[in-house]
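Visitor: In this note's numbering, the protein residues as written are 7 to 253. The beta carbon of each residue, even a glycine, is placed where N, CA and C say it ideally should be. All of these numbers come straight from a predicted model, not from anything done at the bench. If you scroll down you'll find the structure; I have some questions about it.
This is the structure in structure tokens:
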């Protein structure tokens, strides 16, 4: 695992300028993130072994989820040589958005046991249409930032709502909100934070300044939108939308 982390870190530090390399660098960051979570879980398992405690089924589920995530990310890197992958997202697939949020949140709770991540899902939400893999990367990026740029021990809030278009009462899209407290992004920086390679003076963006840029790009590839709202007292909320039907 340590050798894998060092190899990918070296790749990220080489500096890349083309879109293909941008996405590869971001996927490498996701692999590093998953590897870090696996190391945290390994530490937890070692403690449980020393205390002769049984392994909860939830931990087994998290390890399985992270293993599948690493397999998927590795496949993505392998297929990046196809130029079309940069321009188009695969045909939308139906996936359970709530399950995906839960699968993304749980490893963070193991990695940061002193933090709480509250979840609130609107009743009636079933499936979104888009790329499950890319949506997982979006969620992972925003959650990682929310935890990193907020006070230790402070809570994170995740909310998923469904909305209908003005012309119809039928649910048309889901909106995912991820909020923290104590983290304020000034208005002038909010306008730039999704720019490629942008780093503010007070925030070190993940993936060499690519994290939020590619997160928004992945949202837009799924016919969604991504925005940020920030207040000195309330904190910061990143939110994005995904269609609930084929577009």
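Under 8 Å by Cβ, that's how I've got residue 166 and residue 107 pegged, so tell me the actual separation to the nearest angstrom.
Guide: Reading the chain shown from its first residue, position 160 is the one you call residue 166. Reading the chain shown from its first residue, position 101 is the one you call residue 107. With a Cβ gap of about 7 Å, residue 166 and residue 107 count as contacting.
Visitor: Is it the case that the Cβ atoms of residue 125 and residue 111 are separated by a distance below 8 Å?
Guide: Against the chain shown, residue 125 aligns to sequence position 119. Against the chain shown, residue 111 aligns to sequence position 105. In this structure, residue 111 lies closer than 8 Å to residue 125 by Cβ.
Visitor: Compare the beta carbon distance of residue 104 and residue 131 with 8 Å and say whether it is the shorter of the two.
Guide: As a first step, residue 104 must be located in the chain shown, where it is residue number 98. As a first step, residue 131 must be located in the chain shown, where it is residue number 125. The answer is yes: Cβ separation under 8 Å.
Visitor: Between which two residues does the beta strand (DSSP E) harbouring residue 126 extend?
Guide: In the chain shown, the residue the question calls residue 126 occupies position 120. Counting along the chain, the beta strand (DSSP E) containing residue 126 begins and ends at 123-127.
Visitor: Just to confirm the assignment: which complete beta strand (DSSP E) runs, minimum length 3, are found wholly within the region 145-192?
Guide: 162-170 and 177-186
Visitor: Tell me the DSSP secondary structure of residue 73 in three-state form.
Guide: Locating residue 73 in the chain shown gives position 67, counting from the first residue. Here residue 73 sits in helix by DSSP.
Visitor: What does the Cβ neighbour count give for residue 236, buried or exposed, with the cut at 16 atoms within 10 Å?
Guide: Position 230 of the chain shown, counted from the first residue, corresponds to residue 236. With 16 or more Cβ atoms within 10 Å of its Cβ, residue 236 is classed as buried.
Visitor: Going by DSSP, which residues form a beta bridge with residue 102?
Guide: Residue numbering aside, residue 102 sits at position 96 when the chain shown is read from its first letter. Partner(s): 133.
Visitor: Does DSSP put residue 236 in a helix, in a strand, or in coil?
Guide: Residue mapping note: residue 236 aligns to position 230 of the chain shown, counting from 1. If DSSP states are grouped into helix, strand and coil, residue 236 belongs with the strands.
Visitor: Alpha carbons only, please: which of 133, 225 and 156 is nearest the one belonging to residue 238?
Guide: Translated into positions along the chain shown, residue 238 becomes position 232. The candidate whose alpha carbon is nearest that of residue 238 is 156.
Visitor: Go ahead and pull the three-state DSSP assignment for residue 112.
Guide: Mapped onto the chain shown, residue 112 falls at position 106. Here DSSP, grouped into helix, strand and coil, assigns residue 112 to helix.
Visitor: Assuming the contact rule is C-beta atoms closer than 8 Å, residue 113 and residue 43 should be a hit. Round their C-beta distance to whole Å, please.
Guide: By 1-based counting over the chain shown, the position of residue 113 is 107. By 1-based counting over the chain shown, the position of residue 43 is 37. Indeed, because the Cβ distance is near 4 Å, the residues count as touching under 8 Å.
Visitor: Between the beta-carbon of residue 170 and the beta-carbon of residue 181, is there less than 8 Å?
Guide: In the chain shown, residue 170 corresponds to position 164, counting from 1. In the chain shown, residue 181 corresponds to position 175, counting from 1. Contact: no.
Visitor: If you run the structure through DSSP and keep just helix, strand and coil, what is residue 200?
Guide: Here the question's residue 200 lines up with position 194 in the chain shown. The DSSP-derived three-state label of residue 200 is coil.
Visitor: Less than 8 Å between the CB atoms is what I'm expecting for residue 225 and residue 196, so what's the real figure, rounded?
Guide: Here residue 225 refers to the residue found at position 219 when the chain shown is read from its first residue. Here residue 196 refers to the residue found at position 190 when the chain shown is read from its first residue. Between residue 196 and residue 225 the Cβ distance is about 16 Å, and since that is not below 8 Å, they are no contact.
Visitor: Roughly how many whole angstroms lie between the Cα atoms of residue 173 and residue 127?
Guide: Counted from its first residue, the chain shown places residue 173 at position 167. Counted from its first residue, the chain shown places residue 127 at position 121. A direct Cα-Cα distance of roughly 24 Å separates residue 173 from residue 127.
Visitor: Along the beta strand (DSSP E) that carries residue 241, what are the first and last residues, could you check?
Guide: As a working mapping, residue 241 is identified with position 235 in the chain shown. Looking at the DSSP string, the run of the beta strand (DSSP E) that includes residue 241 is 241-249.
Visitor: Put residue 229 into one of helix, strand or coil per three-state DSSP.
Guide: Numbered from 1 along the chain shown, position 223 holds the residue referred to as residue 229. Residue 229: coil per DSSP, three-state reduction.
Visitor: Please state whether DSSP places residue 42 in a helix, a strand or coil.
Guide: Locating residue 42 in the chain shown gives position 36, where the first residue counts as 1. DSSP places residue 42 in helix when its eight states are reduced to three.
Visitor: Looking only at its own chain, which residues have a Cβ that is under 7 Å from the Cβ of residue 123, when we skip the five neighbours before and after it?
Guide: For the purposes of this step, residue 123 is taken as the residue at position 117 of the chain shown. Excluding positions up to five away in sequence, the list reads 111, 114, 115, 162 and 164.
Visitor: If you run the structure through DSSP and keep just helix, strand and coil, what is residue 59?
Guide: Here residue 59 corresponds to residue number 53 of the chain shown, with the count starting at 1. Three-state DSSP puts residue 59 in coil, outside helix and strand.
Visitor: Could you tell me whether the Cβ atoms of residue 185 and residue 242 are closer together than 8 Å?
Guide: Counting from 1 along the chain shown, the entry for residue 185 is found at position 179. Counting from 1 along the chain shown, the entry for residue 242 is found at position 236. Yes.
Visitor: Where does residue 97 fall in DSSP's three states?
Guide: Counted from its first residue, the chain shown places residue 97 at position 91. Of the three classes helix, strand and coil, the one that applies to residue 97 here is coil, per DSSP.
Visitor: With a Cβ-Cβ cutoff of 8 Å, do residue 144 and residue 246 count as a contact?
Guide: To locate residue 144, count along the chain shown from 1; it is residue 138. To locate residue 246, count along the chain shown from 1; it is residue 240. Yes, the Cβ-Cβ distance between residue 144 and residue 246 is below 8 Å.
Visitor: Using only CA atoms, which one of 189, 117 and 250 lies nearest to residue 49?
Guide: Translated into positions along the chain shown, residue 49 becomes position 43. Comparing Cα positions, the closest option is 117.
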